[in-house]
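One structure below.
Numbering (our numbering), first residue to last: 14 to 195.
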């Protein structure tokens, strides 16, 4: 009688372990190693002893809480324009909104040695690539990185651009407006 109950308990426990590990694999993209093993090839659980099966049953509640309480990403909206002016140099105007709160409005942005734009705000940093294509945002210990589509346009900036009877100096603008992690 004990063997029958134990085998039923073992089947139930093993089934739950496989299910929870597959959920964890799909959610976190890795394998779990907590007294049981999950391989990418077989995606099945194996136990070393009955005590592992019993101990793993306690971890199901932990996995469910871990799955439900995992950190969520913020809803970020990034928009801006970089102007490459041959006379005045590079300038930027940008804003970043994190969960509906404006965290930066572009004031105080400066270029580093690599030409990337850095903006420091209260508790956060925003780094934009020289022409706007790469972005990295850090806030409260969370780091978000993305590649953003940038629209490149040439504009008439200086000279006899309207009547085309003289020299016309052009500026290049790089613009973006995207939503991420929403």
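Glycine included, C-beta positions come from ideal geometry on N, C-alpha and C. These figures come from a predicted structure and were not determined experimentally.
Original post:
So residue 89 packs on residue 193, CB below 8 Å; how close in whole Å?
Top reply: Taking the first residue of the chain shown as position 1, residue 89 is located at position 76. Taking the first residue of the chain shown as position 1, residue 193 is located at position 180. With 8 Å as the limit, residue 89 and residue 193 qualify as a contact, their Cβ atoms being about 5 Å apart.
**OP:** Report, in whole angstroms, the separation of the C-beta atoms of residue 107 and residue 93, which I expect to be a contact under 8 Å.
**Re:** By one-based count along the chain shown, residue 107 stands at place 94. By one-based count along the chain shown, residue 93 stands at place 80. Sure, about 3 Å apart at Cβ, within 8 Å.
Original post:
Exposed or buried, residue 182, counting other C-beta atoms within 10 Å across all chains shown (16 or more means buried)?
Top reply: Here residue 182 refers to the residue found at position 169 when the chain shown is read from its first residue. When all chains shown are included, residue 182 counts as exposed.
Subject >> Classification of residue 148 by the beta-carbon crowding that lies within 10 angstroms, buried from 16 upward >> reply: By one-based count along the chain shown, residue 148 stands at place 135. That one is buried.
**OP:** Look up residue 105 in the DSSP assignment and give the residues it is bridged to.
**Re:** Reading the chain shown from its first residue, position 92 is the one you call residue 105. Residue 105 is bridged to 95.
Original post:
So, using beta-carbon positions, are residue 163 and residue 130 closer together than 9 Å?
Top reply: Within the chain shown, numbered from 1, the residue matching residue 163 stands at position 150. Within the chain shown, numbered from 1, the residue matching residue 130 stands at position 117. Cβ atoms of residue 163 and residue 130: not closer than 9 Å.
Subject >> Integer-rounded CB distance, given that residue 95 should sit under 8 Å from residue 145 >> reply: Locating residue 145 in the chain shown gives position 132, where the first residue counts as 1. Locating residue 95 in the chain shown gives position 82, where the first residue counts as 1. Residue 145 to residue 95, Cβ: 5 Å. Contact.
Subject >> Close Cβ partners of residue 140 (< 6 Å) along its chain, the five nearest in sequence each way excluded >> reply: Along the chain shown, read from residue 1 onward, the residue named residue 140 stands at position 127. Here the set comprises 129, 131, 149.
Subject >> Per DSSP, cross-strand counterpart(s) of residue 100 >> reply: Position 87 of the chain shown, counted from the first residue, corresponds to residue 100. According to DSSP, residue 100 bridges with nothing at all.
Original post:
If you draw a straight line from the alpha carbon of residue 133 to that of residue 168, how long is it in whole angstroms?
Top reply: Translated into positions along the chain shown, residue 133 becomes position 120. Translated into positions along the chain shown, residue 168 becomes position 155. Rounded to the nearest angstrom, the two C-alpha atoms are 30 Å apart.
Original post:
What's the C-alpha gap between residue 152 and residue 171?
Top reply: Here residue 152 is taken as the residue at index 139 of the chain shown, counted from 1. Here residue 171 is taken as the residue at index 158 of the chain shown, counted from 1. The alpha-carbon atoms of residue 152 and residue 171 are separated by roughly 40 Å.
Subject >> Helix, strand or coil at residue 178 [DSSP, three-state] >> reply: Taking the chain shown and counting its residues from 1, one reaches residue 178 at position 165. DSSP places residue 178 in coil when its eight states are reduced to three.
**OP:** Return helix, strand or coil for residue 143, following the three-state DSSP convention.
**Re:** Here residue 143 corresponds to residue number 130 of the chain shown, with the count starting at 1. Of the three classes helix, strand and coil, the one that applies to residue 143 here is coil, per DSSP.
Original post:
Can you tell which of 184, 191, 195 has its C-alpha closest to the C-alpha of residue 103?
Top reply: Start at 1 with the first residue of the chain shown, and residue 103 comes out as number 90. Nearest C-alpha to residue 103: 184.
**OP:** Quick one: grab the DSSP three-state call for residue 21.
**Re:** Indexing the chain shown from 1 puts residue 21 at position 8. Any answer about residue 21 is weak, because its pLDDT of 40 lies below 50 and its placement is not dependable; what the coordinates show is given next. It is helical.
Original post:
Which residues in the same chain as residue 116 place their Cβ atom closer than 6 Å to its Cβ, once the five residues preceding and following it in sequence are excluded?
Top reply: Against the chain shown, residue 116 aligns to sequence position 103. Here the set comprises 109, 134, 137.
Original post:
Who are residue 184's beta bridge partners in DSSP?
Top reply: Residue 184 sits at position 171 when you count from the first residue of the chain shown. The partner list for residue 184 (beta bridge, DSSP) reads 168.
**OP:** Compute the beta-carbon to beta-carbon distance between residue 122 and residue 105, rounded to the nearest angstrom, for a pair I have assumed lies under 8 Å.
**Re:** For the purposes of this step, residue 122 is identified with residue 109 of the chain shown, where counting begins at 1. For the purposes of this step, residue 105 is identified with residue 92 of the chain shown, where counting begins at 1. The pair is a contact, with the Cβ atoms about 5 Å apart (cut-off 8 Å).
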